[in-house]
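In our numbering, the protein residues as written are 14 to 252. Where a beta carbon is used, it is the ideal one built from N, C-alpha and C, also for glycine. Each remark here refers to the structure printed beneath this line.
Below is the structure:
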């Protein structure tokens with residue numbers, strides 16, 4: 014088996030590649046990061062090499078969002094230089110705000126304390142006045158009630174004294190009246206006894222009859238000196 018030898022071509026490889034890909038547009042890679050400054054961009058380098066043929070970079074295309082913008086080094090240096098001053102300003106501002114809030118809080122606390130103290134004072138004064146009024150009212154009522162009770166007690170005592178004097182007077186009058194009636198009764202009894210004795214002496218036959226008569230009347234017998242001599246009376250009937 015014979016092999017066909019390759020024919021050498023005088024054309025360079027780049028011209029052959031250009032001729033084969035003449036009908037397709039060149040593949041251009043979009044820039045990923047856009048730099049600012051004097052550096053050359055990727056798009057420039059890609060456009061410079063686009064004439065030499067397509068690029069075989071298969072990285073995915075960037076998103077449709079705009080690329081980030083970076084500060085230049087001068088701006089970064091200026092920001093770093095200004096950072097302590099701005100930080101100090103922010104700290105001072107925050108400190109002033111905190112002091113103002115603290116002073117407002119103290120003012121609010123003082124206002125609340127004064128309001129609460131005024132409320133306590135008003136409550137104490139109201140309670141004290143109410144307590145004084147209650148005490149004065151209670152004292153007045155007690156004094157009125159005491160005077161009423163004292164007047165009632167005096168009236169009862171006067172009524173008792175009048176009743177006691179009336180009872181004492183009635184007792185004395187009744188005693189004197191009964192004493193006089195008793196004396197009169199004694200006197201009448203004594204006169205009746207004397208008359209009976211005189212009648213018995215006159216009309217009875219003997220002293221024994223007189224004694225029997227007194228015995229029948231349940232009267233005490235006369236003493237022996239008033240009796241007649243014995244032996245002159247008749248005997249007491251039996252039965």
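Please report how far the alpha carbon of residue i lies from the alpha carbon of residue j, in whole angstroms.
i	j	result
residue 182	residue 192	15 Å
residue 120	residue 157	54 Å
residue 197	residue 178	28 Å
residue 110	residue 117	10 Å
residue 199	residue 188	16 Å
residue 144	residue 124	30 Å
residue 174	residue 155	28 Å
residue 151	residue 159	12 Å
residue 186	residue 180	10 Å
residue 149	residue 127	32 Å
residue 115	residue 103	18 Å
residue 194	residue 209	22 Å
residue 105	residue 122	25 Å
residue 207	residue 190	25 Å
residue 135	residue 147	18 Å
residue 137	residue 166	42 Å
Secondary structure at residue i, three-state DSSP: helix, strand or coil?
i	result
residue 40	For residue 40, the predicted structure reports a pLDDT of 49, less than 50, and the residue's modelled location is therefore unreliable. A value from the coordinates is still provided. Looking at residue 40 - three-state DSSP - the assignment turns out to be coil, as it is neither helix nor strand.
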